[in-house]
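**Student:**
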Amino acid sequence: MPITEALREYKRQWKDKHPGYSARMSRKWRAENPEKAKEHYLKNHAKFRDNHREKRRAQYKKWAFENPEKVKAGRDLRYAREVGAPGAYTALDWMALRVASGRLCFYCRIALDEKTAVRDHKTPLARGGSNDISNIAVSCSPCNFRKRAMTEVEFRSLLATDKV
Ligand SMILES: [Zn+2]
Numbered sequence: 012m013p014i015t016e017a018l019r020e021y022k023r024q025w026k027d028k029h030p031g032y033s034a035r036m037s038r039k040w041r042a043e044n045p046e047k048a049k050e051h052y053l054k055n056h057a058k059f060r061d062n063h064r065e066k067r068r069a070q071y072k073k074w075a076f077e078n079p080e081k082v083k084a085g086r087d088l089r090y091a092r093e094v095g096a097p098g099a100y101t102a103l104d105w106m107a108l109r110v111a112s113g114r115l116c117f118y119c120r121i122a123l124d125e126k127t128a129v130r131d132h133k134t135p136l137a138r139g140g141s142n143d144i145s146n147i148a149v150s151c152s153p154c155n156f157r158k159r160a161m162t163e164v165e166f167r168s169l170l171a172t173d174k175v
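Going by the numbering used here, the sequence shown runs without a break in its numbering and finishes at 175.
Shown next, in the form of structure tokens:
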């Protein structure tokens, strides 16, 4: 048996015969070296936290990549909560709405796919609209951009002037 291994084995056996010794010694050390103990704790804790955070971030990234619709619904929900708007919809609600709308823009009727379809709050959240699926329209991004904080009625009357 190599010497280091023999030493380790000896220590292990000794500790088995003297339970609580290690804990007592480190408690003593901590009591005598409060500053070092604190530093030690903070360093280890920070390392643990960073590792944990890194792992969580990587997991989230993978999940977000695989669930883009859930990410967008979550973003809308967060914003809705920020401005105090009620209502929530799921990624499934949104997918169903896209199918129900014939995959056309609610305003200009242009054909949309899952990449070009954007969520429009018919009555904007900032103007008292809810984040419920009933207040959401499938829109193209030019319409969504042009509509900004207008309600559906206001935007439709603007669109009507285009045709004159
Ligand atoms: Zn449009």
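We treat Cβ as the ideally placed atom computed from N, Cα and C, and that holds for glycine.
Treat the numbers as computed from the prediction; the structure is a model and nothing was measured.
1) How far does the beta strand (DSSP E) with Val164 in it extend, from its first residue to its last?
2) Shortest alpha-carbon distance to Lys133 belongs to which of Gly113, Asp124, Lys126, Arg157?
3) Within the present structure, is the beta-carbon of Ser150 separated from the nearest heavy atom of ligand 1 by less than 7 Å?
4) For Ala148, name the three-state secondary structure that DSSP assigns.
5) Take Leu108 and list the residues in its own chain whose beta-carbon comes closer than 7 Å to its own, dropping the five residues that flank it on each side.
6) Can you name the start and end residues of the beta strand (DSSP E) that Arg67 belongs to?
7) Should Ile121 be counted as a contact of ligand 1 given a C-beta to heavy atom distance under 7 Å?
8) Starting from Asp131 and walking both ways along the alpha helix (DSSP H), at which residues does that stretch end?
9) Kindly give me the distance between the Cβ atoms of Leu136 and Val94, rounded to whole angstroms, as I take these residues to be in contact under 8 Å.
10) Does Phe59 pass the burial test, meaning 16 or more other C-beta atoms within 10 Å, or should it be called exposed?
11) Cβ of Asn142 within 8 Å of Cβ of Ala102?
12) Assuming contact is defined by CB atoms lying nearer than 8 Å, are Arg89 and Trp105 in contact in what I supplied?
13) Tell me whether Asn155 is buried or exposed, calling it buried when 16 or more other Cβ atoms sit within 10 Å of its Cβ.
14) Quick check: is any heavy atom of ligand 1 less than 7 Å from the C-beta of Tyr90?
15) Count the other CB atoms within 10 Å of the CB of Leu123; is the residue buried (16 or more) or exposed (fewer)?
**Tutor:** Put simply:
1) By one-based count along the sequence shown, residue 164 stands at place 153. From DSSP, Val164 is part of no beta strand (DSSP E) but of the alpha helix (DSSP H) over 163 to 174.
2) Your numbering for residue 133 matches position 122 in the sequence shown. Of Gly113, Asp124, Lys126, Arg157, the residue nearest in Cα terms is Arg157.
3) One-based indexing of the sequence shown puts residue 150 at position 139. Checking the Cβ of Ser150 against ligand 1 gives yes.
4) By 1-based counting over the sequence shown, the position of residue 148 is 137. DSSP places Ala148 in strand when its eight states are reduced to three.
5) Here residue 108 refers to the residue found at position 97 of the sequence shown. Around Leu108: Ile144, Ile147, Val149.
6) Residue mapping note: residue 67 aligns to position 56 of the sequence shown, counting from 1. Careful: Arg67 lies outside any beta strand (DSSP E), inside the alpha helix (DSSP H) at 45 to 77.
7) As a working note, residue 121 is residue 110 in the sequence shown. It does: the Cβ of Ile121 is within 7 Å (strictly closer) of some heavy atom of ligand 1.
8) The residue labelled residue 131 in the question sits at position 120 within the sequence shown. Not the alpha helix (DSSP H): Asp131 falls in the beta strand (DSSP E), residues 129 to 132.
9) Residue mapping note: residue 136 aligns to position 125 of the sequence shown, counting from 1. Residue mapping note: residue 94 aligns to position 83 of the sequence shown, counting from 1. With 8 Å as the limit, Leu136 and Val94 qualify as a contact, their Cβ atoms being about 5 Å apart.
10) Counting from one through the sequence shown, the residue named residue 59 turns up at place 48. Answer is exposed; the Cβ neighbour count stays below 16.
11) For the purposes of this step, residue 142 is taken as the residue at position 131 of the sequence shown. For the purposes of this step, residue 102 is taken as the residue at position 91 of the sequence shown. No, the Cβ-Cβ distance between Asn142 and Ala102 is not below 8 Å.
12) Working through the sequence shown from its first residue, we reach residue 89 at position 78. Working through the sequence shown from its first residue, we reach residue 105 at position 94. Cβ atoms of Arg89 and Trp105: not closer than 8 Å.
13) By one-based count along the sequence shown, residue 155 stands at place 144. So Asn155 counts as buried.
14) Translated into positions along the sequence shown, residue 90 becomes position 79. No, the beta carbon of Tyr90 sits no closer than 7 Å to any heavy atom of ligand 1.
15) Position 112 of the sequence shown, counting from 1, holds the residue named residue 123. Buried: at least 16 other Cβ atoms inside 10 Å.
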